[in-house]
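Numbering (my numbering), first residue to last: 316 to 502. I have placed the structure first, in the form of structure tokens, so that the comments after it can refer back to it.
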Amino acid sequence: MSNELFGARRKALEESFFTKQEAELREKMRKEAAKKSQFEALKSASGIDDEDVLHELVRLEISADDLAAVSLVPIIEVAWADGTVSEKEHKAIMQAAQDIGIEPGSSAAGLLDAWLSHRPDRALFDNWKLYTAAIASEMTDVGKQHLAEQLIGHARAVAQSAGGFLGLSKISKEEQAILDELTQALS
316 MSNELFGARR
326 KALEESFFTK
336 QEAELREKMR
346 KEAAKKSQFE
356 ALKSASGIDD
366 EDVLHELVRL
376 EISADDLAAV
386 SLVPIIEVAW
396 ADGTVSEKEH
406 KAIMQAAQDI
416 GIEPGSSAAG
426 LLDAWLSHRP
436 DRALFDNWKL
446 YTAAIASEMT
456 DVGKQHLAEQ
466 LIGHARAVAQ
476 SAGGFLGLSK
486 ISKEEQAILD
496 ELTQALS
């Protein structure tokens, strides 16, 4: 085989190798950008700021819409714990939701507002517990603990914002029962 022919084949091999490597690198960069975008979308939709939890949710391919619903269900259950949501509670809960990162005008805020106006069926909470347990079963112990702290912390903030019975107690007995149920579901 002549040096010229050998050199031409070597060059063709190198070019195809580097073209394949470049394509793989571009695909890797695209996936990393998509994960970063998903990370930011999850953070924005849920109000969860724990990066370990967010990275685990990205790994599990949880969408921002899924997580928005997951993060709102505990808040809704606490809001409806006593059977009604007053205008004062509605405003306080929307403010508390904003304080935990749910932006006014976002799809999560719209969903929260709708659920505060019309109580969702109890099946939503029951399905939430099953879904959350499935997510948690795929997470590390630390990730699961952080997720529980975030979700229960948000629900507790809403319970405290409602003021409890006649504004005398920060968390009503009914709200505490829901918080206890949330804790058990995330254990």
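Cβ atoms here follow ideal geometry from the backbone N, Cα and C, with glycine treated the same way.
In the three-state reduction of the DSSP assignment, threonine 334 falls in the helix class, which pools H, G and I. Measuring C-alpha to C-alpha distances from glutamine 499 to each of Glu453, Lys444 and Thr455 identifies Lys444 as the nearest. Straight-line measurement puts the Cα of lysine 335 at about 48 Å from the Cα of leucine 439. Taking a 10 Å sphere around the C-beta of valine 473, we find 16 or more other C-beta atoms and assign the residue as buried. Glutamine 465 counts as buried, since at least 16 other C-beta atoms from the protein chains shown sit within 10 angstroms of its C-beta. In this structure, valine 393 and leucine 494 form a Cβ contact; the two beta carbons are roughly 7 Å apart against a cut-off of 8 Å. In this structure, leucine 462 sits near valine 368, with a CB-CB distance shorter than 8 Å. Proximity of the region 452-461 to the region 371-386 meets the contact definition, three or more beta-carbon pairs being nearer than 8 Å.
Contact annotation: alanine 356 and alanine 379 have beta-carbon atoms nearer than 8 Å. Annotation: the region 334-389 contains the following complete segments of the alpha helix (DSSP H) (minimum length 4 residues), in chain order: 366-374.
Shown here, arginine 325 sits in a helix according to DSSP, grouped into three states. Its chain contains Ala396 as the residues whose beta carbon lies nearer than 8 Å to that of alanine 492, once the 5 sequence neighbours on both sides are disregarded; these appear in chain order. In this model, glycine 425 and alanine 338 are separated by some 41 Å (Cα to Cα).
For histidine 433, there is no enclosing alpha helix (DSSP H), as DSSP gives it neither H nor E. Its Cα nearest to that of glycine 458, the residue Asp364 stands out among Asp364, Ala360, Lys343 and Arg341. Looking only at Ala470, Ile408, Ile417 and Val388, the smallest Cα-Cα distance to arginine 437 is reached by Val388. Residue range 488-500 is occupied by the alpha helix (DSSP H) that includes leucine 494. Put simply, the backbone Cα of histidine 469 is about 56 Å away from that of glutamate 329. DSSP places tryptophan 443 within a helical segment (H, G or I) once states are collapsed to three. With a 10 Å radius around the Cβ and a threshold of 16 neighbouring Cβ atoms, leucine 497 comes out buried.
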